[in-house]
Amino acid sequence: MRLTNPAQGYVPAIDGVRAFSILLVLLSHAGLGDRIPGGFGVTVFFFISGYLIAGLMLDEDARTGGFSLPQFYIRRALRLVPALLAYVLLTSAVFTVVTHVVPWRDMLAAIFYVANYYGIFAQDARMPYGPLWSLAVEEHFYLAFPLLFLALRRHRQALLWTLCALCAAVLAWRVFLVTGLGVSSEYIYRATDCQIDSIIYGVLLAVVARSATGVRLLERVTHPGVFVVAGVALLTTFLIRDEPFRYTVRYSIQGLALFVLISAVLGGAHYRLLRKVLELPVLTWIGRLSYSLYLWHYAVITALQPLGLPLVAHMAAGVALSFVAAVLSYRLVEQPFIGLRKRFGSHAAEPTEPPATV
0 MRLTNPAQGY VPAIDGVRAF SILLVLLSHA GLGDRIPGGF GVTVFFFISG YLIAGLMLDE
60 DARTGGFSLP QFYIRRALRL VPALLAYVLL TSAVFTVVTH VVPWRDMLAA IFYVANYYGI
120 FAQDARMPYG PLWSLAVEEH FYLAFPLLFL ALRRHRQALL WTLCALCAAV LAWRVFLVTG
180 LGVSSEYIYR ATDCQIDSII YGVLLAVVAR SATGVRLLER VTHPGVFVVA GVALLTTFLI
240 RDEPFRYTVR YSIQGLALFV LISAVLGGAH YRLLRKVLEL PVLTWIGRLS YSLYLWHYAV
300 ITALQPLGLP LVAHMAAGVA LSFVAAVLSY RLVEQPFIGL RKRFGSHAAE PTEPPATV
């Protein structure tokens, strides 16, 4: 088995997975939240981010014999911050014109990547920044994981076991918060300390895929029988409605299932047809827009609500206008910074775009 990794360049199937994920989120917020698991779309984004970011770090270390923390942070900032700033400034300007109130605290929470905790604890949050909670979780991962990697990059087995221990610890923490303290489901859903393991499972896949023993393991876990078991386990997490399960064990089962399913997508010999589907041009195009779509869709859909459109019309208008906003953001805001990132040592595909835009 040869698992595709970020150093090999653009991976169309990953953009296909992103397309699947963002469509779950988009349709859920457009009015189908009671029928479509939008939250699972975010979980998939977490997993993919962990896999790709860790893979880029591991491959940079293998290629150069080191890892530059400042260059990593600069590349991440150039990739993510311009579009976020454009979104926050434009939506805040509209909000200010309509309400004659400048939402300073909302803006600062979004810009400094604490929107998840701000949304949990602030009683007067007013801006359409709800989806930005997941960007805060990812940013906290970007800040913390490179430090762990630098400490353990020469001790891969210790890194692997540390990651496993962290996944177990986060599960235990969720169980304690839910069953011991009765913490709200909103906190479990949005807090970094309760969601970070969804990213770490992707990191685990990146680490495992870069050793001979790990590749042999992946050959076993991508066997069609294991694939079916993982798929059934994933489906079960949607069907079980028990609240303690949904906010504790569910995320761990989904992380383990994605470990198997994403491994199959990236390198399993039995899944070429699945890869071909995920590599369809329309899906890879949507995948490339996924960051911009995620930023803009909620504000667009929220702005349409006062019109009182029927559900189908509301969904159609929300989806169409979200794509318009995403294309404008991608071309006018994100792409101008792509060339600048090349100066900071990244020659592999970044997690949210193909090599033509690196």
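Quick note: the sequence shown uses numbering that gives the first Met the number 0, first residue 0, plus one each step.
Beta carbons are placed, not taken as given, at the ideal position from N, Cα and C, and that holds for glycine.
What you are looking at is a predicted structure, and each value in this text was computed from that prediction instead of being measured.
Short of 8 Å in beta carbon distance, which residues of its chain neighbour residue i, apart from the five on each side in sequence? Order them along the chain.
| i | result |
| --- | --- |
| residue 66 | 56, 59, 60, 145, 148, 149 and 152 |
| residue 195 | 136, 139, 140, 165 and 169 |
| residue 249 | 236 and 239 |
| residue 339 | 77 |
| residue 312 | none |
Could you give the DSSP three-state label for residue i: helix, strand or coil?
| i | result |
| --- | --- |
| residue 210 | coil |
| residue 239 | coil |
| residue 35 | coil |
| residue 221 | coil |
| residue 129 | coil |
| residue 102 | coil |
| residue 354 | A caution first: residue 354 carries a pLDDT of 34, below 50, which makes its placement in the model too unreliable to give a value. |
| residue 278 | coil |
| residue 180 | coil |
| residue 283 | helix |
| residue 28 | helix |
| residue 11 | helix |
| residue 154 | coil |
| residue 113 | coil |
| residue 200 | helix |
| residue 139 | helix |
| residue 362 | Any answer about residue 362 is impossible in this case: the structure gives the chain only from 0 up to 357. |
| residue 268 | coil |
| residue 233 | helix |
| residue 95 | helix |
| residue 319 | helix |
| residue 301 | helix |
| residue 42 | helix |
| residue 288 | coil |
| residue 118 | helix |
| residue 307 | coil |
| residue 190 | coil |
| residue 246 | coil |
Going by beta carbon distance, what residues of the same chain come within less than 6 Å of residue i, once the five residues before and after it are set aside?
| i | result |
| --- | --- |
| residue 333 | 82 |
| residue 26 | 35 |
| residue 298 | 90 and 127 |
| residue 41 | 133 |
| residue 159 | 206 |
| residue 300 | 28, 29 and 317 |
| residue 106 | 87 and 91 |
| residue 364 | With the chain represented from 0 up to 357, any question about residue 364 goes unanswered, as that position is not in the structure. |
| residue 45 | 197 and 198 |
Can you name, in chain order, every residue of its own chain whose Cβ lies under 7 Å from the Cβ of residue i, other than the five neighbours on each side?
| i | result |
| --- | --- |
| residue 316 | 303 and 308 |
| residue 252 | 232 and 236 |
| residue 48 | 137, 198, 201 and 350 |
| residue 264 | 12, 16, 270, 273, 274 and 277 |
| residue 234 | none |
Less than 9 Å between CB atoms is the rule here; does residue i satisfy it with respect to chain C?
| i | result |
| --- | --- |
| residue 181 | The structure shown contains no chain C, having only a single protein chain. |
Measuring from the CB of residue i, is there a heavy atom of the ligand GTP at a distance below 8 Å?
| i | result |
| --- | --- |
| residue 254 | This structure does not include the ligand GTP; it has no bound ligands of any sort. |
- Message: Quick check: the stretch 252–259 against the stretch 224–232, are at least 3 beta-carbon pairs closer than 8 Å?
- Response: Contact between the stretch 224–232 and the stretch 252–259 is present, because at least three Cβ pairs lie under 8 Å.
- Task: Would you mind listing the alpha helix (DSSP H) stretches within the stretch 54–84 that are 4+ residues and don't spill past its ends, in chain order?
- Result: The qualifying runs do not exist here; there are none.
- Segment contact, 8 Å Cβ cut-off, at least three pairs: the stretch 239–251 with the stretch 177–185: yes
- Is the stretch 271–285 in contact with the stretch 10–17, if contact means three or more CB pairs nearer than 8 Å? yes
- Message: Quick check: the stretch 209–225 against the stretch 280–287, are at least 3 beta-carbon pairs closer than 8 Å?
- Response: no
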